[in-house]
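See below for the structure under consideration.
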Amino acid sequence: MKRILLFILPILIIIAVAFTLFGILQVRSEEEKLMDDLKRKARTVAESVELSAKYAIVNNDQRAAKRLVESFQRRERMQGCVIYDKDGKILAITERISSWGQKDNPYLKDVLSSKNARGAIEKFGGYSVYSYTLPVLDDENNILGSVEVIYDTSYLFTTLADLWKRISITLIALVVLITIITLLIQRQIFVLPVRRLTQWFTHFQKGDTEKLRPFKEKGEFGKLVSEVEQVALGLRVARKVVTDEAHARIEKQELWTESKLRDLIHAKLGENSFFVVSNREPYMHVMDEVTGAPRCVRPASGVVTAIDPILRACGGTWIAHGSADADRKFVNSKDKLGVPPQDNRYILKRVWLTKEEEDGYYYGFSNEGLWPLCHITHTRPIFRETDWQMYKKVNQKFADSILEELPANNPFVFIQDYHFTLLAKMIKEKRPDATVALFWHIPWPNPEVFAICPYQQEILDGMLACDMIGFHVQFHCNNFLDTANRLIECRVDTEKFSVVRANKETFIRAFPISVDGYIGAQPAKEELEQIKRIRQEFQLQDKLVAVGVDRIDYTKGILERILAIDRFLEKYPEYRHKFVFIQLAAPSRTHIKRYHELIAEIDELVEKKNWKYWEGDWKPIIYLKRYFSPEEIRPYYLLADLCVVSSLHDGMNLVAKEYVASKNDLNGALMLSCFTGAARELTDAIQINPYSIEEFADAIKFTLEMPAEEKRKRMENMRKIIAENNIYRWAASIITELAALKKS
Ligand code: ADQ
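In the numbering used here, the protein residues as written are 1 to 744.
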């Protein structure tokens, strides 16, 4: 619109100025013509009465003079006539202008003395009139008196105003006409070709090759189109080559790596990149409170930790809620940006939510309802109807945003977590050809617990639109099958591990999630310096160091961990001054009351326990309550003799895997809650029940005193498991399984 205005406005301004000038000239010439006409008429009338007036003056015939002036009473446009004697005294005056005589008319003396006629515009009773005064002379050219005729001039202004009106109407009509013609022309020569090119590009982007008709355009635009076609063709050929090569390479490699996953995705999905949807975005732009400048951070989230390496490896589009305060500053007109910021590997599309939507869908239904429902931590779930309505609305908003992006053929949508239970159904309604998988990152409860949820039917119905649903462990798969069997009309196939509902089959599979390439990476020089700095800052030189790394969440068992450390130091005082526990804790979901309370409870407990043991420059707990980047966390893993993961319930727990993966020197031990998914794989960890504080405290001692050789052995075993079952294998298994199931 702005462009069109820029184009049309100068033309319209030129036309308006030209037309106005023309109008002014036209009106002036008309005005002159009318004035000439008026003067001529006035002169003729004055001359026609001159003789009769002469007679009346010479004979001093008042009655004749009166008759003469009254004969003008009925004349249109003429106001009247006045007959003066030679001293300028009125002999007779038309009735309707009788007040004319009371007015001072200085020009009369001039006419009588100069004996020359005079015509001019005069003011009379607030109006303009035209007065023409003619001297009356005898035969010897002596002055006898004068005759004055007075004309109404208002018709003159009415005529000119009419003329202006006509000119203005013509000008407006011309402007409208020119605007319409210009718009039509520019649509024909500019908008339509650009629109055709845009549509062509959209088909190309979506892989809709059947609709890619050759583009016939001439001139400069034609040249541009031809260049674009060449680039697109090159890209298509390159993609095809990558796909073919990928097929060949997958077979050769054993360990799953970034490049092997990339090959697999190209081989299985071909040209179409794949789509990931999650609530939390992998890169957030936040305003730095200190500098006031925006900076990019990766949120403390297991989902982000796991999925980001996959997208980095194989490209694609990640659609997520743009929740940070500077997010809008970094997206293009389609709300997208390339990430990671310095090394664009894939596209992040941000979906915007209002505060009400975020409150209802995210804080309310997802995190006060489904999160506690699925974790057995004895925090009561809260289900509010208003939250549920927002949850549905936001799922639809995400569905619309995804549908806009899907390519023409066989798209693959990979949904993350409990925030989007309805999304698969919404996508399938519009795109039944899309392959949709959902990965559930948290535990799935048994049917009795899930039956608490008032919206159980809609949730299960929405989820069962997926082609596949993944959980971390088989136990959660079993719980889900039981839940579907008991709560919704469907057929559960225990052979195939699938649920059939309304002729749609959904496969339920366990895929234990993992971490990426920490394995094998030696500590960098900067990391060694960082470790040295941390040791100095917290005086850790001769200490045994345990570390905990968590989002502050009641499921993570942070309070239980502190109580266990307290009991450990109480029971085994020889470890005082020798043992330090560092807790890195990122506040999360702070708008929810329970989380708010938990932050205060942890603060208080840490303070209380530190006060209890504090002696000299030693205190047992170093509590660092803030977000840490992955690069900041790694030195803590590297320096820690022990990592404590004490979740009360956890789908998997990636901190446990990150710690093991970073321990290249095999020097460290992992304490792991038996209520985590990770405990099923990492059986060489020292398993604990975080509810049993006594047992937990003893386990700390046991771990610290474990012979170095045994620690190394256990660490080696765990590292082997993580190296083989890394995040690339996880993604590859899901994609391979889906591709196989779709074919069968
Ligand atoms: P989360 O509950 O977020 O994930 P988790 O698997 O422990 O839990 O991952 C947390 C991630 O956040 C880790 O990568 C960790 O490094 C990072 N992190 C922790 N504390 C941090 C801090 N203070 N600053 C910055 N980063 C921090 C959900 C489920 C889990 C499941 C994952 C993946 O609850 O059970 O393992 O998804 O599926």
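Note that the Cβ used here is the ideal one computed from N, Cα and C, for glycine as well.
Report yes if the C-beta distance between R729 and W256 is below 8 Å; otherwise report no. Judged by beta-carbon spacing, W256 lies within the 8 Å limit of R729, meaning their Cβ atoms are closer than that value.
Sequence-distant residues of the same chain with beta carbon closer than 7 Å to Y545, five excluded per side: Before going on, a small fix: residue 545 reads as Val here, not Tyr. Excluding sequence positions up to five before and after V545, its CB lies within less than 7 Å of the CB of V580, I582, L639, A640, D641, all in the same chain and listed in chain order.
Count Cβ pairs between the stretch 168-176 and the stretch 7-27 that sit closer than 8 Å; are there 3 or more? Segments in contact, yes.
L704 to W614, Cα distance in whole Å? Each residue's alpha carbon lies about 21 Å from the other.
Give every residue of the same chain whose Cβ lies closer than 8 Å to the Cβ of R567, excluding the five residues on either side of it in the sequence, and list them in chain order. The residues are I693, E694, F696, A697.
Going by DSSP, what residue range makes up the alpha helix (DSSP H) through S52? Start and end: 2-58.
Return the residue from the list K89, L670, K720 that minimises the CA-CA distance to I700. With respect to the C-alpha of I700, the residue from K89, L670, K720 having the closest C-alpha is L670.
Excluding sequence positions up to five away, which residues of its chain have a Cβ less than 8 Å from the Cβ of Y691? E560, L648.
Closest Cα partner of N667 within the set G470, L682, K713: Considering only alpha carbons, the answer is K713.
Environment of A161 [buried if 16+ CB atoms lie within 10 Å]: Per the 10 Å Cβ criterion, exposed.
Look at the Cβ atom of I602, then the Cβ atom of I558, and state whether they are nearer than 8 Å. Yes, these two residues count as a Cβ contact at 8 Å.
If you measure from the CB of H441, is any heavy atom of the ligand ADQ nearer than 7 Å? Yes.
Please return the same chain residues whose Cβ sits closer than 6 Å to the Cβ of S101, not counting the five positions on each side in sequence. Looking at the sequence provided, one finds Gly at residue 101 rather than Ser. Excluding residues within five positions, the ones whose Cβ falls inside 6 Å are I90, I93.
Distance cut 6 Å, beta-carbon to the ligand ADQ heavy atom: residue list by chain order: In chain order, the qualifying residues are A300, S301, G302, V303, T305, A306, H441, I442, I513, V549, D550, R551, L584, A585, A586, Y627, F628, I633, D650, G651, M652, N653, L654, V655, E658.
Assess contact between the stretch 390-408 and the stretch 301-316, defined as three or more Cβ pairs (one per stretch) separated by less than 8 Å. Is contact present? No, the stretch 390-408 is not in contact with the stretch 301-316.
Comparing C-alpha positions only, which one of D138, D359, V413 sits nearest to I735? Nearest option by C-alpha distance: V413.
Which residue comes first and which comes last in the beta strand (DSSP E) that contains K123? For K123, the enclosing beta strand (DSSP E) begins and ends at 118-124.
So C314 and I265 are supposed to be a Cβ contact under 8 Å. How far apart are they, rounded? Here C314 really is in contact with I265; their C-beta atoms are around 4 Å apart, less than 8 Å.
Taking the continuous beta strand (DSSP E) assigned at T133, which residues delimit it? 127-137 is the span of the beta strand (DSSP E), which, as asked, contains T133.
The stretch 350-362 / the stretch 382-390 touching (three or more Cβ pairs under 8 Å): Between the stretch 350-362 and the stretch 382-390, the count of Cβ pairs shorter than 8 Å is three or higher; the stretches touch.
Cross-strand partners of I415 (DSSP beta bridge): Beta-bridge pairing links I415 to V277, L438.
Nearest-angstrom Cβ-Cβ length linking A434 and I442, presumed shorter than 8 Å: A Cβ-Cβ separation of about 25 Å leaves A434 out of contact with I442 under the 8 Å criterion.
Sheet register partners of D550 (DSSP bridge): In the DSSP assignment, the residues bridged to D550 are A585.
If you follow the alpha helix (DSSP H) that E831 is in, where does it begin and where does it stop? Limits of the chain in this structure are 1 at one end and 744 at the other, which puts residue 831 out of reach.
Taking the CB atoms as reference points, tell me whether M718 and A685 lie closer together than 8 Å. Yes, these two residues count as a Cβ contact at 8 Å.
Can you tell me the Cα-Cα spacing of A502 and E429, whole angstroms? Separation of A502 and E429 (C-alpha to C-alpha, rounded to the nearest whole angstrom) is 14 Å.
Specify, as a first and last residue, the run of the beta strand (DSSP E) that A148 falls within. Note on identity: in this sequence residue 148 is Glu, with Ala being the wrong assignment. Boundaries of the beta strand (DSSP E) around E148: 143-152.
Where does P690 sit, in a helix, a strand or coil, going by DSSP? In this structure, DSSP gives P690 a state outside helix and strand, which the three-state scheme calls coil.
In chain order, what residues of the same chain have a beta carbon less than 8 Å from the beta carbon of S646, not counting five sequence neighbours either side? Excluding residues up to 5 positions away in sequence, G548, K556, G557, I558, E560, R561, A564, M671, S673, I688, P690, F696 lie with their Cβ nearer than 8 Å to the Cβ of S646 in the same chain.
Buried or exposed: which applies to W318, given that a residue is buried once 16 or more other Cβ atoms fall within 10 Å of its Cβ? Of the residues assessed, W318 falls on the buried side of the cut-off, its CB having 16 or more other CB atoms within 10 angstroms.
N409 CB to nearest heavy atom of the ligand SAH below 7 Å: You won't find the ligand SAH in this model; what it holds is the ligand ADQ.
At which residues does the alpha helix (DSSP H) containing G302 begin and terminate? Under the DSSP assignment, G302 falls in the alpha helix (DSSP H) whose first and last residues are 302-314.
Could you round the C-beta distance between S52 and L68 to whole angstroms and report it? I think they count as a contact, below 8 Å. A Cβ-Cβ separation of about 5 Å places S52 in contact with L68 under the 8 Å criterion.
Whole alpha helix (DSSP H) runs in the stretch 62-91 with 4 or more residues, listed along the chain? Correct list: 62-70.
Cut-off 7 Å between Cβ atoms - residues of its own chain near P587, not counting five sequence neighbours on either side: So the list reads I552, I599, K625, once near-sequence residues are dropped.
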